[in-house]
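J.:
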Ligand code: ARG
């Protein structure tokens, strides 16, 4: 049964009804719709639309409904109500008869859906923040475990300079930190209640909208009814936060897929997050990471979809906006699941420390050190760079690393090179020199770990 039959002579077609109904998607906002309805019952009671006694009866019936929905949310899907707002109202009418028909006084599904969705976003946002902090903690645990492990650092996927595995982990800790900030920021901005904006022009009853907002746990109430019912910035901001974070997760996944490859052999993923091939018995595939990388696509898609849906909508509410929830729910579910999976990956990661060390020793990753050594002997950096380029070329020719060239071979390129050069070419010296803020030296990694740890405790 629909809530709006009076103006119609005929029934909607079955096909249109299926096309128009949003219950299969928005039933997830049942609790929020009931909570919003309880607050609205209070608001209309405060302006005399319903008596105190009616108010008590309505709230009791709504609370009963809430308990039943919390126990069995799937029951809603058995109904053919148009959307979750209709479902709640119809249930209420079933429980309280004509009294239930009074609840919608002064309210529209337009301010109702906007309120429900914001309430849902606030609650889900808390779960997402929790998942982000967990993920960050997992990366810090891994950083702590592997803080002394040497790893080749790459640019252009060419071995560039050695770093520590801990430093690599902390790069992701930084990214997740920004994700936390972005999500908190979005949650702060959406914490404004649209309830009492009516269909578009505002409610005709003298309701204290700020008090109503506070009773629902919102920071404040919206200032313009046209904007309030047609604003979906918060959906877009959450999708943008999810997309940026999924981009980080995808890079994390990609790094590990490469580290896990037979060619690199730097890490082995736990059996908990890998699968095999139905044909090739030797295979152990990094599926969890590949799926994290792959699923970023659908989250980006939801963001693009929502921006496109909103971009040419005339004020105020249009039914196009009903399309907001499916993409949002899916994107936030996906984000949450990927974060949890990334924790499993990080926790179970086995690092092959001798392979990472051996790889860091190859590929002339200490060439910058030799240039810096020459700078220390008063050769201008640009000239030092050129000299070392020639040394590297000669070493490649001989098929040896820089430190295997004899002192007389090195002196052919610059007579400033002395015996002490070898200690500068060691990985340890390369790492230890990166002492400035944010560098890969052991002391900086330790400091970064301590700073993030105390930052997280504050969350
Ligand atoms: N189900 C709709 C949505 O999710 C809310 C209903 C608004 N309907 C209306 N006819 N104004 O956006």
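Numbering (the numbering used here), first residue to last: 2 to 460. Think of the CB as a built atom: it goes at the ideal place given N, C-alpha and C, for glycine as much as any other residue. Given the structure is predicted, the values throughout are model-derived calculations rather than measurements.
#1: Is any heavy atom in the ligand ARG found nearer than 7 angstroms to the beta carbon of residue 27?
#2: Between which two residues does the alpha helix (DSSP H) holding residue 104 run?
#3: Whose C-alpha, out of 83, 298, 30, 136, is nearest the C-alpha of residue 16?
#4: Kindly examine the ligand ARG and report whether one of its heavy atoms sits closer than 7 angstroms to the Cβ of residue 86.
#5: Could you tell me if residue 111 is buried or exposed, where buried requires 16 or more neighbouring beta carbons within 10 angstroms of its beta carbon?
#6: Could you give the distance in angstroms between the alpha-carbon of residue 394 and the alpha-carbon of residue 423?
#7: Quick one: give me the first and last residue of the beta strand (DSSP E) that residue 155 is part of.
#8: Is the region 148-164 touching the region 228-242, taking contact as three or more C-beta pairs under 8 angstroms?
#9: Sort out for me which residues DSSP pairs residue 483 with in a bridge.
#10: Flag this pair as touching only if the region 411-419 and the region 370-386 have three or more C-beta atom pairs under 8 angstroms; answer yes or no.
#11: When the Cα atoms are used, what is the spatial distance from residue 203 to residue 319?
#12: Could you check the C-alpha separation between residue 62 and residue 251 for me, to the nearest Å?
#13: May I have the straight-line CA-CA distance separating residue 104 from residue 45, to the nearest angstrom?
#14: If we count Cβ pairs, one from each stretch, closer than 8 angstroms, do we get three or more for the region 325-339 versus the region 237-247?
#15: Have a look at the DSSP bridge pairing and note the partners of residue 222.
#16: State yes or no: is the C-beta of residue 286 nearer than 7 angstroms to some heavy atom of the ligand ARG?
#17: Specify the secondary structure class of residue 363 as computed by DSSP and reduced to three states.
#18: Can residue 23 be considered in contact with the ligand ARG, in the sense that its beta carbon sits closer than 7 angstroms to one or more heavy atoms?
#19: Since residue 359 and residue 372 should fall inside the 8 angstroms C-beta cutoff, what is the C-beta to C-beta distance between them, to a whole number of angstroms?
#20: Can residue 137 and residue 177 be called in contact, C-beta distance under 8 angstroms?
#21: Out of 364, 258, 317, point me to the one whose CA is closest to residue 199's CA.
#22: Under DSSP, the alpha helix (DSSP H) around residue 424 begins and ends at which residues?
#23: What distance in whole Å lies between the Cβ atoms of residue 293 and residue 342, which are believed to be in contact at a cut-off of 8 angstroms?
#24: Does any heavy atom of the ligand ARG sit closer than 7 angstroms to the C-beta of residue 114?
#25: Do residue 37 and residue 128 count as a contact pair if the criterion is CB distance below 8 angstroms?
#26: If we require 4 or more residues per run, which alpha helix (DSSP H) segments fall completely within the region 313-351?
#27: Please determine whether the Cβ atom of residue 307 lies at a distance below 7 angstroms from any heavy atom of the ligand ARG.
#28: For residue 8, does the three-state DSSP call read helix, strand or coil?
#29: Tell whether a beta-carbon distance below 8 angstroms holds between residue 345 and residue 273.
#30: Between which two residues does the alpha helix (DSSP H) containing residue 293 stretch?
#31: Identify whether residue 160 lies in helix, strand or coil by the three-state DSSP scheme.
#32: For residue 276, write down the residues that DSSP places opposite it in a beta bridge.
#33: From which residue to which residue does the alpha helix (DSSP H) around residue 20 run?
#34: Considering only heavy atoms of the ligand ARG, does any lie closer than 7 angstroms to the CB of residue 322?
#35: Are the beta-carbon atoms of residue 370 and residue 431 separated by less than 8 angstroms?
T.: Checking against the coordinates, here is how it stands:
#1: Taking the first residue of the chain shown as 1, we reach residue 27 at position 26. Checking the Cβ of residue 27 against the ligand ARG gives yes.
#2: Counted from its first residue, the chain shown places residue 104 at position 103. Taken as a continuous stretch (DSSP letters only), residue 104 belongs to no alpha helix (DSSP H), as it is neither H nor E.
#3: As a first step, residue 16 must be located in the chain shown, where it is residue number 15. Of 83, 298, 30, 136, the residue nearest in Cα terms is 83.
#4: Along the chain shown, read from residue 1 onward, the residue named residue 86 stands at position 85. The answer is yes for residue 86.
#5: Walking along the chain shown from the start, residue 111 turns up at place 110. Classification of residue 111: buried, given that the 10 Å Cβ count is 16 or more.
#6: Within the chain shown, numbered from 1, the residue matching residue 394 stands at position 393. Within the chain shown, numbered from 1, the residue matching residue 423 stands at position 422. The straight-line gap from Cα to Cα measures roughly 18 angstroms.
#7: Your numbering for residue 155 matches position 154 in the chain shown. Counting along the chain, the beta strand (DSSP E) containing residue 155 begins and ends at 151-156.
#8: no
#9: Outside the displayed span of the chain (2 to 460) sits residue 483, for which this structure offers no information.
#10: yes
#11: Indexing the chain shown from 1 puts residue 203 at position 202. Indexing the chain shown from 1 puts residue 319 at position 318. Those two C-alpha atoms are separated by around 16 angstroms.
#12: Against the chain shown, residue 62 aligns to sequence position 61. Against the chain shown, residue 251 aligns to sequence position 250. Roughly 47 angstroms separates the two Cα atoms.
#13: Here the question's residue 104 lines up with position 103 in the chain shown. Here the question's residue 45 lines up with position 44 in the chain shown. Taking the straight line joining both Cα atoms gives about 8 angstroms.
#14: yes
#15: Looking up residue 222 in the chain shown gives position 221. Answer is 194, bridged to residue 222.
#16: Residue 286 sits at position 285 when you count from the first residue of the chain shown. No, since every heavy atom of the ligand ARG falls outside the 7 angstroms radius drawn around the Cβ of residue 286.
#17: In the chain shown, the residue the question calls residue 363 occupies position 362. Here residue 363 sits in coil by DSSP.
#18: As a first step, residue 23 must be located in the chain shown, where it is residue number 22. Yes - the ligand ARG has a heavy atom lying nearer than 7 angstroms to the Cβ of residue 23.
#19: Residue mapping note: residue 359 aligns to position 358 of the chain shown, counting from 1. Residue mapping note: residue 372 aligns to position 371 of the chain shown, counting from 1. With 8 angstroms as the limit, residue 359 and residue 372 do not qualify as a contact, their Cβ atoms being about 23 angstroms apart.
#20: Reading the chain shown from its first residue, position 136 is the one you call residue 137. Reading the chain shown from its first residue, position 176 is the one you call residue 177. Result yes, Cβ atoms of residue 137 and residue 177 sit closer than 8 angstroms.
#21: Locating residue 199 in the chain shown gives position 198, where the first residue counts as 1. Here the closest residue by C-alpha is 317.
#22: If you number the chain shown from 1, residue 424 lands on position 423. Where residue 424 is concerned, the enclosing alpha helix (DSSP H) stretches over 422-425.
#23: The residue you call residue 342 lines up with position 341 of the chain shown. The residue you call residue 293 lines up with position 292 of the chain shown. Confirmed, about 6 angstroms.
#24: Working through the chain shown from its first residue, we reach residue 114 at position 113. Yes, the ligand ARG has a heavy atom inside 7 angstroms of this Cβ.
#25: As a first step, residue 128 is located in the chain shown; it is residue number 127 there, counting from the start. As a first step, residue 37 is located in the chain shown; it is residue number 36 there, counting from the start. Cβ atoms of residue 128 and residue 37: not closer than 8 angstroms.
#26: 325-348
#27: Reading the chain shown from its first residue, position 306 is the one you call residue 307. False, no ligand heavy atom lies under 7 angstroms from that Cβ.
#28: Here residue 8 refers to the residue found at position 7 of the chain shown. Residue state, collapsed to three classes: helix.
#29: By 1-based counting over the chain shown, the position of residue 345 is 344. By 1-based counting over the chain shown, the position of residue 273 is 272. Yes; because the gap between Cβ atoms is below 8 angstroms, this pair is in contact.
#30: Mapped onto the chain shown, residue 293 falls at position 292. Its alpha helix (DSSP H) spans residues 288-311.
#31: Numbered from its first residue, the chain shown carries residue 160 at position 159. In the structure shown, residue 160 sits in a strand (DSSP, three-state: E or B).
#32: Position 275 of the chain shown holds residue 276. Paired residue(s): 286.
#33: Taking the chain shown and counting its residues from 1, the one referred to as residue 20 is at position 19. Per DSSP, residue 20 belongs to the alpha helix (DSSP H) from 15-21.
#34: As a working note, residue 322 is residue 321 in the chain shown. Flag set: Cβ of residue 322 near the ligand ARG.
#35: Taking the first residue of the chain shown as 1, we reach residue 370 at position 369. Taking the first residue of the chain shown as 1, we reach residue 431 at position 430. Yes. Within cutoff.
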